[in-house]
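I have placed the structure first, in the form of structure tokens, so that the comments after it can refer back to it.
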Amino acid sequence: MAAAAPGAEGPATEAEAGGCGGEGGSPQGAGPRLPPASVSNGGAAEGGEELVELKVIWNKNKYDVKVRLDGTGADLKQEIHSLTGLPPAMQKVMFKGLLPEEKTLREIKVTNGAKIMVVGSTINDVLAVNTPKEAAQQEVKAEENKKEPLCRQKQHRKVLDKGKPDDVMPSVKGVQERLPTVPLSGMYNKSGGKVRLTFKLEQDQLWIGTKERTEKLPMGSIKNVVSEPIEGHEDYHMMAFQLGPTEASYYWVYWVPTQYVDAIKDTVLGKWQYF
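Here the sequence shown is numbered in UniProt numbering, starting from 1 and rising by one per residue.
Put into structure tokens, the structure is as follows:
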């Protein structure tokens with residue numbers, strides 16, 4: 001009896017060993033299936049592409065879009081083009097400032113649900129708007145040639161005769177500069193009150209601020225911009241924003257530093273200045 005116990009245990013041990021070794025009939029297929037099961041959850045990384053959901057806002061329209069987080073700003077512009085028909089070259093894309101084309105969305109820390117503001121016009125819109133603007137500019141130029149210099153006209157002399165504002169911004173003659181990142185200040189309006197100009201590119205607006213109030217004008221509502229050097233102070237200009245069809249709609253600003261004149265015209269009339 002004592003010798004039989006070890007003998008009975010022997011076959012049981014061999015059966016267990018055979019099952020673990022995978023050489024028995026039924027367990028043979030179980031072993032090879034184990035390694036694939038251990039990596040079956042790897043589908044989340046398929047293709048190695050991580051997507052981010054964005055809200056693109058253009059021309060009062062909103063678009064929900066998924067793009068690659070490692071795509072660049074230029075790639076996003078192409079996606080916006082497919083959504084809106086707005087060519088990339090005519091897009092100004094804003095996310096915490098102007099979106100850099102060469103950096104990835106990951107690098108500029110774009111997250112799910114981020115709002116992307118887009119400013120720009122389709123080619124058809126540009127043609128429809130610019131043709132009247134160009135005609136208006138030519139008409140104004142022709143009228144200017146017939147008249148005496150603006151700075152000698154009585155309506156302007158009463159402002160110019162006050163002299164330069166104490167806080168006028170410095171001017172640089174013979175140089176063209178981009179607009180500064182701060183508002184243009186230290187100027188007079190037609191009433192002789194202090195005025196400042198703030199260019200809100202992300203909203204496509206020009207803000208004209210006085211002590212009493214701030215007028216927020218859509219860039220597209222400004223039909224033309226005219227300017228002329230101030231006689232005897234050619235490093236400063238007097239400038240008007242045409243808000244309607246007649247000269248009565250001109251909003252005049254005096255003592256604009258000459259280096260910013262071209263940048264103001266380009267910004268208001270549609271040629272973007274990047275900062």
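All C-beta atoms, glycine included, are put in the ideal place defined by N, C-alpha and C. Bear in mind that the values here come from a model prediction, so they are computed numbers and not experimental data.
Boundaries (first-last residue) of the alpha helix (DSSP H) holding residue i
i	result
Arg157	Lys154 to Leu160
Ser82	Gly73 to Thr84
Beta carbon of residue i nearer than 8 Å to that of residue j
i	j	result
Lys173	Thr258	yes
Leu184	Arg196	yes
Ile222	Thr214	no
Glu228	Pro165	no
Val52	Leu69	yes
Val56	Leu86	no
residue 313	Thr72	This structure cannot settle anything about residue 313, because the visible part of the chain is limited to 1 through 275.
Ile230	Met239	no
Met187	Val256	yes
Tyr254	Leu160	yes
Residue from the options with nearest C-alpha to residue i
i	options	result
Asn224	Trp252, Tyr236 and Lys60	Trp252
Phe199	Lys216, Glu212, Tyr188 and Ser191	Lys216
Thr267	Asp204, His233 and Met94	Asp204
Lys96	Gly163, Pro88, Glu107 and Leu160	Glu107
Ser82	Glu247, Leu98 and Trp58	Trp58
Gly232	Lys62, Arg152 and Gln91	Arg152
Asn112	Leu54, Arg157, Leu99 and Pro100	Leu54
Val168	Tyr236, Ala89, Asp161 and Lys154	Tyr236
Val226	Glu212, Ala89, Lys265 and Val182	Lys265
Lys60	Ala89, Leu76 and Gly120	Gly120
Thr181	Glu234, Leu98, Lys211 and Asn189	Leu98
Pro88	Lys62, Thr104 and Thr122	Thr122
Ser191	Gln91, Lys62 and Gln155	Gln155
Helix, strand or coil at residue i according to DSSP, with G and I counted as helix
i	result
Met117	strand
Leu197	strand
Glu102	coil
Ser227	strand
Pro257	strand
Pro88	helix
Met94	strand
Glu215	strand
Terminal residues of the beta strand (DSSP E) in which residue i lies
i	result
Leu51	Leu51 to Trp58
Ile264	It is not in any beta strand (DSSP E) - Ile264 instead sits in the alpha helix (DSSP H) that spans Val261 to Leu269.
Ala240	His233 to Gln242
Arg68	Asn61 to Arg68
Gly186	Leu184 to Asn189
Gln176	Counting along the chain, Gln176 falls outside any beta strand (DSSP E), and DSSP gives it neither H nor E.
Ile208	Gln205 to Gly209
Nonlocal neighbours in the same chain, by C-beta distance under 7 Å from residue i, ignoring five residues either side
i	result
Lys79	Checking the displayed sequence, the identity of residue 79 turns out to be Glu instead of Lys. Closer than 7 Å at the Cβ level, and outside the excluded window around Glu79, lie Val65 and Val67.
Pro218	Asp204 and Gln205
Other residues of its chain near residue i: CB distance less than 6 Å, five sequence neighbours each side excluded
i	result
Glu202	Met94 and Met117
Ala74	Glu101
Leu269	none
8 Å Cβ shell around residue i - same chain, five flanking residues per side excluded
i	result
Glu177	Gln259, Tyr260 and Ala263
Gly114	What sits at residue 114 in the sequence shown is Ala, not Gly. For Ala114, where only same-chain residues beyond five positions count, the Cβ hits under 8 Å are Val52, Leu54, Lys55 and Phe95.
Leu243	Leu217, Ser221, Ile222, Lys223, Ser249, Tyr250 and Tyr251
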